[in-house]
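Take a look at the structure set out below.
Protein chains in written order, with our numbering: chain A, 145 to 251; chain B, 197 to 312.
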């Protein structure tokens with residue numbers, strides 16, 4: 145079973161700030177997914193990254209997959225209150241999730 | 197609504213009772229995953245099923261917990277003789293392909309189990 149570590153665990157920022165959250169593993173991912181979960185709801189898929197070094201953009205969100213496919217990052221530009229939620233990464237090897245980063249964006 | 201349907205949304209049980217959580221996957225999806233989530237925590241994998249088969253139950257306690265995904269009907273997560281520590285949100289997800297096949301997971305809204 146692949147263990148995923150996400151950091152930071154909690155992040156509280158003001159609207160308009162930039163932020164980066166991380167997902168790391170000691171072993172190689174075949175591919176990795178990022179999800180966002182809002183309170184009282186199930187997670188929703190944001191992106192799947194497959195190739196080492198891959199960068200994907202989704203509006204203000206930029207996802208990067210490490211060259212060695214052991215780590216990934218999510219960068220949010222000009223955060224908005226609507227970005228508030230729990231950001232989770234999951235390895236497609238076994239569909240296990242990290243503990244998540246709980247983001248709060250204050251207006 | 198063609199999404200994953202979980203019911204009930206909220207379930208209250210007294211210690212020692214049984215809890216049955218239901219999950220109807222997206223139509224055409226044959227893979228179902230169950231996860232448990234405690235407040236302020238991430239998703240903890242419990243079990244992965246394909247139609248009529250348990251593929252991986254390594255995250256599910258061996259006692260009191262069971263899961264099935266019959267040929268017809270929803271997937272069921274069953275917890276016997278519930279204890280207060282079973283109180284949590286239980287999420288079900290379905291996919292068309294397995295994890296290693298770049299499957300996208302579609303999640304239900306979860307069942308919040310409260311044990312009194």
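Virtual Cβ for every residue (Gly too), placed ideally from N, Cα, C. Since the model is a prediction, treat every value here as computed from it, not as a measurement.
CB contact below 8 Å: residue i versus chain B
{"i": "residue 223(A)", "result": "no"}
{"i": "residue 187(A)", "result": "yes"}
{"i": "residue 249(A)", "result": "no"}
Beta-carbon neighbours of residue i, restricted to chain A and to distances below 9 Å
{"i": "residue 229(B)", "result": "239"}
{"i": "residue 300(B)", "result": "177, 189, 192"}
{"i": "residue 261(B)", "result": "None at all; the shortest Cβ gap to chain A is about 18 Å."}
Contact under 8 Å by Cβ, residue i with residue j
{"i": "residue 165(A)", "j": "residue 231(A)", "result": "yes"}
{"i": "residue 222(B)", "j": "residue 198(B)", "result": "yes"}
{"i": "residue 312(B)", "j": "residue 286(B)", "result": "no"}
{"i": "residue 190(A)", "j": "residue 180(A)", "result": "yes"}
{"i": "residue 208(A)", "j": "residue 194(A)", "result": "no"}
{"i": "residue 242(A)", "j": "residue 148(A)", "result": "yes"}
{"i": "residue 266(B)", "j": "residue 253(B)", "result": "no"}
{"i": "residue 291(B)", "j": "residue 206(B)", "result": "no"}
{"i": "residue 245(A)", "j": "residue 152(A)", "result": "yes"}
{"i": "residue 202(B)", "j": "residue 281(B)", "result": "no"}
{"i": "residue 169(A)", "j": "residue 214(A)", "result": "yes"}
Any chain A beta carbon closer than 8 Å to residue i
{"i": "residue 306(B)", "result": "yes"}
{"i": "residue 286(B)", "result": "no"}
{"i": "residue 241(B)", "result": "yes"}
{"i": "residue 303(B)", "result": "yes"}
Per-residue contacts from residue i into chain A (C-beta, under 7 Å)
{"i": "residue 237(B)", "result": "243"}
Contact belief for residue i with residue j at Cβ below 8 Å, rounded distance in angstroms
{"i": "residue 260(B)", "j": "residue 275(B)", "result": "6 Å"}
{"i": "residue 211(A)", "j": "residue 220(A)", "result": "Going by Cβ atoms, the distance from residue 211(A) to residue 220(A) rounds to 22 Å, so no, they are not a contact pair."}
{"i": "residue 177(A)", "j": "residue 236(A)", "result": "6 Å"}
{"i": "residue 230(B)", "j": "residue 284(B)", "result": "11 Å between Cβ atoms; not a contact."}
{"i": "residue 224(A)", "j": "residue 159(A)", "result": "6 Å"}
{"i": "residue 339(B)", "j": "residue 278(B)", "result": "With chain B covering 197 to 312 only, the question about residue 339(B) has no answer from this structure."}
{"i": "residue 288(B)", "j": "residue 208(B)", "result": "About 19 Å separates the two Cβ atoms, so there is no contact after all."}
{"i": "residue 302(B)", "j": "residue 240(A)", "result": "With a Cβ gap of about 17 Å, residue 302(B) and residue 240(A) do not count as contacting."}
* Where the stretch 163 to 185 of chain A meets chain B: residues whose CB sits under 9 Å from a CB there -> 174, 175, 177, 179, 181, 184, 185
* Quick one: which residues of the stretch 224 to 236 of chain A get their C-beta closer than 7 Å to a C-beta of chain B? List them in chain order. => 232, 236
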